[in-house]
Amino acid sequence: MQSLKDVVRGFPRPARGRPGDPGLFGPGSLAWRINRESVLLLGGGRALLLQVANPMVAAGVADHSDFTANPYDRLWRTVDAALMVIFGDTEQAATAVERVTRIHGHVRGVRGGRPYSALDPDLLLWVHATLVESSIAAYDAFVHPLPFAVRERYYLEMQTMGTAFGVPDELHPSSYAAFRAYMDDTIAGLEIDDECRAIARQVLSPPMPAPLVPAGLLGGLGSIGLLPPRVRSELRLRWNRGTELAFHAMAAGLRATVPLLPSDVRFWPHARHALHRVASNGA
Numbered sequence: 014m015q016s017l018k019d020v021v022r023g024f025p026r027p028a029r030g031r032p033g034d035p036g037l038f039g040p041g042s043l044a045w046r047i048n049r050e051s052v053l054l055l056g057g058g059r060a061l062l063l064q065v066a067n068p069m070v071a072a073g074v075a076d077h078s079d080f081t082a083n084p085y086d087r088l089w090r091t092v093d094a095a096l097m098v099i100f101g102d103t104e105q106a107a108t109a110v111e112r113v114t115r116i117h118g119h120v121r122g123v124r125g126g127r128p129y130s131a132l133d134p135d136l137l138l139w140v141h142a143t144l145v146e147s148s149i150a151a152y153d154a155f156v157h158p159l160p161f162a163v164r165e166r167y168y169l170e171m172q173t174m175g176t177a178f179g180v181p182d183e184l185h186p187s188s189y190a191a192f193r194a195y196m197d198d199t200i201a202g203l204e205i206d207d208e209c210r211a212i213a214r215q216v217l218s219p220p221m222p223a224p225l226v227p228a229g230l231l232g233g234l235g236s237i238g239l240l241p242p243r244v245r246s247e248l249r250l251r252w253n254r255g256t257e258l259a260f261h262a263m264a265a266g267l268r269a270t271v272p273l274l275p276s277d278v279r280f281w282p283h284a285r286h287a288l289h290r291v292a293s294n295g296a
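Residue numbers (the working numbering): 14 to 296.
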């Protein structure tokens, strides 16, 4: 098990970028405004649970990954890659995409007579969609609800990220309404099996140093509480009146607290660094 010192040491930190280069998005984008919120990390747990509710994604995780081996190093690498694509300069974003794509190129196999590949366009779309939709869900629950027009613009902006990771342009739903229909139809059609459930338990119960146990419990509550009811039920995750009340209390507490936090706590360092980089004239 990693120590608390090891966990903190792995926290993602931004790298120096090219002054003036906004990267894929830029300071006027909703991609920057929404994803700068560090509380959206709770949405990341939800996204991962949705991803492994797809049996082909779960198969890839079971065959090629191990959440019990250095789980926090894996977490911080994943978070850092996403933040570098969103907030990094053009070269940093491309490097992060290339690194993730290279790793995914080795994730392939067969399950139940069906081949799977992490580079399958439909699976790439599903993974990307869970990230986008979970960011919206977490922002709604823990920061403040987003109007439909903002969701629409954010969704359309984030297609850039999906395309960078290999989602074909023609696979992206054309509007936020179409995207919601895609999510609802896909979730309704998921054939969640025991392997999905086993991976979900690993996601929610990584080994952790004792000082992080309370944060881990809150993170699990947030991730499970944000899930669509059908996925939560089919994954057989504990949920009752007590956990529902605890989730709503946590969400209300975060909505009241997040706006009061200083920026160096509230926002990811990548977001703050990106603003300084874009404002720089390179002198």
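Glycine included, every Cβ here is placed at the ideal spot set by N, Cα and C.
What does a CB cutoff of less than 6 Å around His283 pick up in its chain, not counting 5 residues either side in sequence? Apart from the 5 residues on each side of it in sequence, His283 sits with its Cβ closer than 6 Å to the Cβ of Pro27, Leu96 and Phe100 in its chain, given in chain order.
Alpha helix (DSSP H) runs contained entirely in the stretch 207-239, provided each spans 4 or more residues: If we require 4 residues or more, the alpha helix (DSSP H) runs fully inside the stretch 207-239 come out as 207-217 and 226-239.
Same chain only: Cβ atoms within 6 Å of Ser130, ignoring 5 sequence neighbours per side: Non-local C-beta neighbours of Ser130 in its own chain, meaning closer than 6 Å and more than five positions away in sequence, comprise Arg121, ordered along the chain.
Looking at C-alpha atoms only, which residue of Met196, Pro32 and Asp207 is the closest neighbour of Leu124? It should be pointed out that residue 124 corresponds to Arg in this sequence rather than to Leu. For Arg124, the nearest C-alpha among the options comes from Asp207.
DSSP on Glu170, reduced to helix/strand/coil? Here DSSP, grouped into helix, strand and coil, assigns Glu170 to helix.
Taking contact to mean at least 3 C-beta pairs separated by less than 8 Å, is the stretch 170-179 in contact with the stretch 131-147? Enough Cβ pairs lie closer than 8 Å, so yes.
I need the straight-line Cα distance from Phe38 to His286, nearest angstrom please. Cα to Cα, Phe38 sits roughly 14 Å from His286.
Glu111 to Arg254, Cα distance in whole Å? Approximately 44 Å between the Cα atoms of the pair.
Under the three-state DSSP convention, the category Arg127 falls into: Correct three-state label for Arg127: strand.
Assign Glu204 to one of three DSSP states: helix, strand, or coil. Three-state DSSP puts Glu204 in coil, outside helix and strand.
How long is the line joining the alpha carbons of Pro128 and Leu274, rounded to whole angstroms? Between Pro128 and Leu274, the C-alpha separation is close to 47 Å.
What does a CB cutoff of less than 6 Å around Ala314 pick up in its chain, not counting 5 residues either side in sequence? There is no way to answer for residue 314, as the model of the chain reaches only from 14 to 296.
Gly126: buried (16+ other C-beta within 10 angstroms of its C-beta) or exposed? Gly126 should be labelled exposed.
Using the Cα positions of Ser188 and Lys18, report the straight-line distance between them to the nearest angstrom. Rounded to whole angstroms, Ser188 to Lys18 spans 44 Å at the Cα level.
Taking only the alpha-carbon atoms, compute the straight-line gap between Ala296 and Pro32 and give it to the nearest angstrom. Bear in mind that the predicted position of Ala296 carries a pLDDT of just 46, short of 50, making it unreliable; the figure below should be weighed with that in mind. Each residue's alpha carbon lies about 9 Å from the other.
Spatial neighbours of Glu204 within its chain, please: C-beta separation below 7 Å, excluding the five flanking residues on both sides. Within the same chain, and ignoring the five residues on either side of Glu204 in sequence, the residues whose Cβ sits closer than 7 Å to its Cβ are Pro68.
Residues near Pro242 by beta carbon distance below 8 Å, same chain, minus five either side: Closer than 8 Å at the Cβ level, and outside the excluded window around Pro242, lies no residue.
Runs of alpha helix (DSSP H) wholly within the stretch 66-115 (minimum 4 residues, chain order): List check, alpha helix (DSSP H) in window: 68-77 and 84-100.
Compute the Euclidean distance between the alpha carbons of Ala211 and Ala201, then round it to the nearest angstrom. Whole-angstrom Cα-Cα distance: 20 Å.
Please check the pair Ala162 and Leu53, which I expect to be a contact at CB under 8 Å, by giving their CB distance rounded to whole angstroms. Not confirmed; about 20 Å, so no contact.
Hey, quick one: how far does the alpha helix (DSSP H) through Gly36 stretch, first residue to last? Annotation: Gly36 is outside any alpha helix (DSSP H) and is labelled neither H nor E by DSSP.
Determine the DSSP secondary structure at Arg46, reduced to helix, strand or coil. Of the three classes helix, strand and coil, the one that applies to Arg46 here is helix, per DSSP.
Is it buried or exposed, Arg245, if we count other Cβ atoms within 10 angstroms and call 16 or more buried? By the neighbour-count rule (16 or more Cβ atoms within 10 Å), Arg245 is buried.
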